[in-house]
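Here's the structure we're looking at; comments come further down.
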Amino acid sequence: MAASSHVRNGIPMAVRGNVSRLLLLLAIRALWGQNWIQHDDVFNASGVPSVTFSCPRFADLDQDQDLDLILAGGSVDLLFLENRGTPTAPSFVLSDFVTTEIPNLLASSVAVTDVNLDGFPDLVCGGYNGIMVYLHDGQADSVTFTPYPAATDSLSVGFSPAPAAADLNGDALPDLMIGRAEDGSVDWVPNTGTMETPRFTSTHLQPTGIDAGLYAFPSLGDLEGDGDADLLLGSDGSGLQFYRNTGSDTAPVWSGDAAVVAGLGAEAYFIAPTLADLNGDGLPDLVYGQYAGPLQYYRNTGTATTPQWTYDASLFGGVIDVGGASNPYLVDFDDDGDLDLFTGQNLGDILYFRNVGSPLAPAWEEHSAPFQTLGHSIYSSVTVADLNHDGHLDLLCGDVGGSLYYYRGSDTGWQPQASLFAGLDLGYWLIPRFIDMDRDGDQDVVVGNDAGELVLLENQGSPTAPAFAVNTTFFQGILPPVNCAPAIVDLDGDGDWDLLLGGISGTVECYVNDGTLSAPQWTALPDLVTEIAVSQNATPAVGDLNADGRPDLVVGDYDGLFHYYENQFSPLTVEPSLPTARSLIRAYPNPFNRAVSLEIRTAAYQALHLTVYDLTGRPVMTEPVSVGRSVATITLQLPGWAATGIYLYRVRTVSGNREIGSGKLLYLK
């Protein structure tokens with residue numbers, strides 16, 4: 001690679017030293033506005049957030065004749081999504097058309113009804129302190145909700161009740177149905193107030209005799225076309241329950257009919273259903289939230305008196321939500337030239353999502369079945385590499401118990417090899433990452449843990465017979481975050497490894513190595529990652545997902561989601577030390593398409609090995625080099641699965657493992 005400076009928009013891209021690097025980063029930040037752009041649609045095509053304990057409701061909040069989405073959940077404040085589609089083809093987008101912030105503590109569930117009969121939908125929220133009514137201000141462009149405590153100040157229904165609303169006694173006033181969290185019972189409360197002053201009190205509370213189990217989530221709607229409200233009920237257990245209103249307009253009586261919702265929600269828990277006509281055909285459709293988060297939509301393809309349910313992924317499908325504690329790892333597992341996704345999760349599963357898109361535009365399809373028999377505890381993590389250089393990718397898993405589980409790959413699957421990492425005391429909730437930290441051609445392991453410790457397991461064996469020694473001083477000078485999740489990448493292009501560390505706060509820390517491979521000096525660069533933030537327990541992974549030669553970020557979180565951050569800054573280049581008279585490497589052509597030749601001039605009659613790495617530090621290929629009198633030329637062709645992007649090469653002596661030189665290659669596939 002040429003050692004001369006390159007200039008982009010007046011900014012020199014070849015710099016020396018940490019001060020210049022930091023100045024360059026700040027200049028780039030000013031130039032592009034931000035270092036990373038978040039594109040969560042890569043993992044959530046619908047754009048509708050996936051929140052744990054999701055509870056959806058629909059109403060026309062902005063008076064534009066279509067239904068907007070109100071979404072409550074276990075870890076977020078109440079969300080309002082504007083329908084920017086049509087009454088027959090909705091499209092829900094997070095926007096600021098509602099200006100009121102209602103905290104999760106007061107709104108873990110919600111119902112929508114016109115409480116004061118002024119023609120505008122109001123909110124009935126269930127939260128930690130019980131039920132609270134919020135009145136719509138009547139504005140369309142900028143909606144505000146005002147608390148109305150007088151409506152429920154005499155209503156005591158326990159911890160985190162789940163409300164539903166409809167006129168249950170024929171007086172034209174909306175009444176409430178309340179699902180209890182602590183015992184799963186369902187009661188209804190008549191509105192004993194007036195049109196202008198709604199009132200709900202405990203003295204008028206009427207039990208239905210229905211027991212959902214625990215955490216009853218009711219929804220009311222007319223599913224049989226007889227003009228009264230029927231009851232759809234979710235709970236902490238799997239499946240939905242349906243109760244017909246077989247009473248009268250003034251005295252409801254509930255009769256169970258399991259056939260109406262048979263099979264729905266069988267694989268979900270903590271189900272929160274709701275009914276709304278989302279395609280404008282006059283029939284109520286079914287949407288339910290769940291503990292895992294993603295909303296499930298079933299169109300009513302039956303009649304006004306006999307509903308039939310057809311699953312439809314068009315509104316809320318495409319979200320990847322693994323349940324909890326996602327911790328992504330990117331690797332081209334299927335050798336097709338793009339990066340696939342592995343992750344652990346809170347229940348201990350190892351999940352694999354194949355990239356069925358392209359190096360330019362990823363798309364994901366789950367293929368986790370081969371990994372379901374791997375044994376480990378909860379809060380699992382995984383890293384993937386060919387540890388023993390036999391041509392098969394191996395897996396190393398961590399878990400909350402503090403063990404590392406090595407599975408050697410073969411033609412028939414993955415076999416556990418307990419001895420390689422036995423006896424290590426590395427703490428708890430381990431997140432390992434394969435990386436050739438010293439670039440000697442074999443895989444080392446970097447491990448983060450729950451106590452905020454970062455350890456290097458240095459491979460002191462060989463590429464085919466690994467043997468690991470614990471190095472506790474390699475990361476001196478770094479104060480890792482609690483629940484440390486490492487990602488390793490050469491951010492500044494100087495040939496050594498830099499660190500991105502996620503932690504419990506949901507942010508990511510950046511440390512650049514200003515030393516050498518063997519004697520690192522770590523310098524924090526917080527400005528580089530100020531845009532990166534998730535809800536809790538950030539777990540970063542690095543890989544080029546759009547084939548622009550820049551390492552992008554995928555960040556997992558405690559909710560089990562994935563967040564994609566596209567890299568907007570150019571890879572920093574640090575001018576390499578000038579070669580001595582006895583050592584010179586020239587790569588040509590560079591950039592290259594099919595093949596690149598490296599001319600190596602060094603001391604005569606040496607045996608060398610040349611290794612090519614991608615930007616995440618994974619070896620792509622290793623080749624022996626034999627130097628004659630003073631020069632050797634080797635021609636490289638990257639494997640067919642190698643994606644377009646920047647690669648690093650390193651040449652070292654076989655005897656003594658002394659570095660001869662290193663540089664960059666730009667591959668244009």
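Residue 286 in the numbering used here is what sits at position 286 of the sequence shown, and the numbering runs on without skipping anything. Where a beta carbon is used, it is the ideal one built from N, C-alpha and C, also for glycine.
In this structure, the CA atom of V76 is about 33 Å from the CA atom of V384. The three-state secondary structure of H609, taken from DSSP, is strand. The DSSP assignment places 206-211, 217-221, 230-234, 241-245, 254-256 as complete runs of the beta strand (DSSP E) inside the region 189-257, in order along the chain (cut-off: 3 residues). The straight-line gap separating the alpha-carbon atoms of A524 and A216 is approximately 49 Å.
DSSP, reduced to helix, strand and coil, places F371 within a helical segment of the structure shown. Secondary structure note for F434: its beta strand (DSSP E) is the uninterrupted segment 431-435.
About 7 Å separates the CB atoms of L264 and Y298; that is less than 8 Å, so the two are in contact. L491 counts as buried, since at least 16 other C-beta atoms from the protein chains shown sit within 10 angstroms of its C-beta. Measuring C-alpha to C-alpha distances from G73 to each of G293, N116, L123, L220 identifies G293 as the nearest. For P486, the enclosing beta strand (DSSP E) stretches over residues 485-489.
By the beta-carbon neighbour count (other beta carbons within 10 angstroms, threshold 16), D41 is exposed. Where L666 is concerned, the enclosing beta strand (DSSP E) starts and stops at 659-667. When C-alpha distances from F145 are compared across P161, L79, W188, N191, the shortest belongs to L79.
T633 places its beta carbon 8 Å or farther from that of E659. Distance from the Cα of T602 is smallest, within the candidate group H563, T653, A595, A643, for T653.
Ranked by Cα distance from Y647, the first of F333, G280, A587 is A587.
Beta-bridge partners of A276 (DSSP): D285. Remark: C-beta atoms of G184 and S156 do not approach each other more closely than 8 Å.
Around the CB of E82, 16 or more other CB atoms lie within 10 Å, so the residue is classed as buried. Secondary structure at L315: coil, using DSSP grouped into helix, strand and coil.
In the DSSP assignment, N593 falls outside any beta strand (DSSP E), carrying neither H nor E.
Q476 counts as exposed, since fewer than 16 other C-beta atoms from the protein chains shown sit within 10 angstroms of its C-beta. In the DSSP secondary-structure assignment, L454 is bridged to G448. Counted as a single uninterrupted DSSP element, the beta strand (DSSP E) harbouring Y564 occupies residues 562-567.
Beta-carbon to beta-carbon, D442 and L456 are separated by about 13 Å, too far to satisfy the 8 Å threshold.
The distance from the Cβ of G85 to that of D66 is about 7 Å, consistent with a contact at the 8 Å cut-off. In this structure, G560 lies near G323, with their beta-carbon atoms less than 8 Å apart.
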